[in-house]
Structures are given as C-alpha cells and as structure tokens.
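> In our numbering, the protein residues as written are 128 to 390.
Just so you know, even glycine gets a beta-carbon here, dropped at the ideal spot from N, CA and C.
Below is a structure I'd like to ask you about.
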Amino acid sequence: MTNHRLLIIDDEPLARRVIRTFLQADPAISVMDEAGNGTEAVIKILQHRPDLIFLDIQMPELDGFEVLKEIWPHHQPFVVFTTAYDQYALRAFEVNAIDYLLKPFNELRFHQALGRVQERLTQQTQPRIEALVNQLMAEQASQPRGNYLRRILVKETGRMYLVKTEDIIYLDADGNYITLHTLSRSGIPERHTIYESLTSLETKLDPADFVRINRSYIVNLNYIGTVETYFNGEYIVHMKTGQQLKWTRNYRENLKAFFAKAG
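Spelled out as structure tokens, the structure:
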C-alpha cells in the first residue's frame, strides 16, 4: 500500500487535532508535521515536501492562497482546503481545487474528501490546482508593485525561514553570496546569507524601495537618514541604523529614486 505524506496547516490547534484524530484509522497516510500560520506553512512544505496538505485559508501572516503562490514554483502537493468561511470555500471549489472542508466538518465528510484526494494521488491527476495558482499570480501581477518580492527564503544549516523585504536595511554581496542586513524586533542587527547574484536579486526588488548604490550594495531607501557629498562625484550614505555606506559615481543616476522617496 502506498504511504502518502501529509502536512496539516491550520492556525487553530483544535482543528489540527481533529484532523489528526480522523486520520488515525488510515494507515495509508503519515502526518509529517503541522503548521500554525502561513509563513510556517511555506517553510515546512519546502522542508518536508509532502504529497498532500490540508490547508486552512484564513490564517495569520499569509493566507492559504498566498501560501500556494509561495510554494508552487518549488513544490506542488495535492491540496484539500479547510475553512470556516463559505465564500472562500466556494472560490476554491469553483476552480476545482481537489476538495474543501467547510468547518465544522464531521468524520464522514472528512473521509469523503480524503477518499477523493487519495484517488487523485494514486492516479497523479491534479488538473486544476495549477490553474488556481496561475490565476492568483496573475491577479497579484496586475496590482501595482505586485511583481516584486515581499519575502526572501533563507536556507541555513538545518532550517529555512522567510525574511520580509520591508525589514531589510541593506544587502551586500560577496561573489554569489548576499548578506541581508535586518533588525530584530528588539532592535538587534541580524544577518542572513543567501546564494544568489546581486544583479539577479536587484531585478526582483521593488525599485521604489531598493536601489543599488555601488557594485556590492543595495539599500532600502526607507532606512536612509541622510546622503552626504564626498568627492569625485561620490556620496556617503548615513543609514538610520548607524551604518555608513559609499554611493559611487557609477550609480549616481539612482539618486533620483532617493530624492523621489524623500519628496
């Protein structure tokens, strides 16, 4: 018998516990883990790469549809939506998103949904989830500034997590490694390293907020305190967080973005 790996995603502990209880009698399903919010869901899906997810739609940080948009380029599990809000369930149902469970659901309704998705898992037929994700991505792209990164996935030894781009003070590059400089909630400077070229990442960041100031640095305009003239057409950038960075003359055209931001 094929064993399918499952991830339960719901911000309500009771709802996660109910799903676990209903699954106890099914030897074909192995529960890999649980997630209690959208950000945690993205990380755990990419870590565990489950065959199937039970996905709550209304969650903190990222909703269920946003979770799908984040993971779909990297991993495409089968999905059963769970929700207490009928309008969301109907949206998922209308695009034929495998199945949905409207809370509160009983054990009979749960196993009906599980039976349908297990059949699809066996046949490897997932005809409409990708259409839903593509639709969501198109909707996002049609909105102003919708194409740019809002979060960056950081992979470190033994763990993965997301960094919000709005929390990045500046980025500095060393070859194909980039260090993201952020502040923790307590105001302590933090560093996160990713493997990507600065030129490639630059195209994914919103130019209204992020500009390149030299070969190795991109800064978040929202964290710039002042820009001081230096010499040879160069400038010293004083960040609100205390760092001083050089804005070289090869990138002085980008000063227009700073002046536009400063008003």
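Assuming the contact rule is C-beta atoms closer than 8 Å, A240 and D226 should be a hit. Round their C-beta distance to whole Å, please.
Between D226 and A240 the Cβ distance is about 4 Å, and since that is below 8 Å, they are a contact.
> Using CA atoms only, rank isn't needed, just tell me which of I279, E246 and Q174 is closest to I295.
Ranking I279, E246 and Q174 by Cα distance to I295 puts I279 first.
> Measure the Cβ-Cβ separation of N341 and S324 and say whether it is below 8 Å.
No, these two residues do not count as a Cβ contact at 8 Å.
> Which same chain residues, not among the five before or five after H202, have their C-beta less than 7 Å away from its C-beta?
Result list for H202: I172, L173 and R176, in chain order.
> For V207, which option in E246, P200, E188 and T330 has the closest C-alpha, if you only look at C-alpha atoms?
When each option's Cα is compared against that of V207, the closest is E246.
> Can you list, in chain order, the residues of its chain with a C-beta nearer than 8 Å to that of L134? Leave out the 5 residues immediately preceding and following it.
These residues qualify, in order along the chain: V158, M159, D160, E161, A162, A168, K171, I172, H175, P177, L179, I180, F181 and P204.
> Beta-carbon within less than 8 Å of F385's beta-carbon, same chain only, minus the 5 sequence neighbours each way: which residues are those?
Same-chain partners within the cutoff: V338, L348, I351 and V354.
> Report the three-state DSSP secondary structure of D333 (helix, strand or coil).
Three-state result, D333: coil.
> Beta-carbon within less than 7 Å of T356's beta-carbon, same chain only, minus the 5 sequence neighbours each way: which residues are those?
Excluding residues within five positions, the ones whose Cβ falls inside 7 Å are Y362.
> Please say whether E329 and I345 have beta carbons closer to each other than 8 Å?
Taking 8 Å as the Cβ cut-off, I345 and E329 qualify as a contacting pair.
> Check Y357 in the structure and name its three-state DSSP category.
It is coil, neither helix nor strand.
> Looking at the secondary structure, which residues open and close the alpha helix (DSSP H) in which I305 lies?
Where I305 is concerned, there is no enclosing alpha helix (DSSP H), although the beta strand (DSSP E) it sits in stretches over Y304 to L310.
> Pull up the DSSP beta-bridge partners for P316, would you.
DSSP, once it has assigned bridges, lists L310 as partnering P316.
> Assuming contact is defined by CB atoms lying nearer than 8 Å, are T209 and D137 in contact in what I supplied?
Result yes, Cβ atoms of T209 and D137 sit closer than 8 Å.
> Using the rule of at least 16 other Cβ atoms within 10 Å of the residue's Cβ for burial, across every protein chain shown, is F358 buried or exposed?
Burial call: exposed.
> Going by beta-carbon coordinates alone, are G165 and V145 separated by less than 8 Å?
No; because the gap between Cβ atoms is not below 8 Å, this pair is not in contact.
> Kindly indicate the opening and closing residues of the alpha helix (DSSP H) around K388.
Element bounds for K388: L382 to A389.
> Roughly how many angstroms separate the alpha carbons of R147 and D153, rounded to a whole number?
So the alpha carbons of these two residues sit roughly 10 Å apart.
> Among L276, Y275, G360 and P334, whose alpha-carbon lies nearest the alpha-carbon of R379?
Comparing Cα positions, the closest option is G360.
> Compare the C-alpha of Q251 against each of L310, K383 and H131 and name the closest.
Comparing Cα positions, the closest option is H131.
> Leaving aside the five residues before and after D299 along the sequence, list all residues of the same chain whose C-beta is less than 6 Å from its C-beta, in chain order.
For D299, where only same-chain residues beyond five positions count, the Cβ hits under 6 Å are T306, S343 and Y344.
> Take M287 as the anchor and find which of V244, T368, T326 and H319 has the nearest alpha-carbon.
Answer by Cα proximity: H319.
> Quick check: what's the CA-CA separation for N261 versus I198?
In a straight line, the C-alpha of N261 is about 12 Å away from that of I198.
> Taking the continuous alpha helix (DSSP H) assigned at Q393, which residues delimit it?
Outside the shown range of the chain, which is 128 to 390, sits residue 393, and nothing can be said about it.
> Report the three-state DSSP secondary structure of G352 (helix, strand or coil).
Looking at G352 - three-state DSSP - the assignment turns out to be strand.
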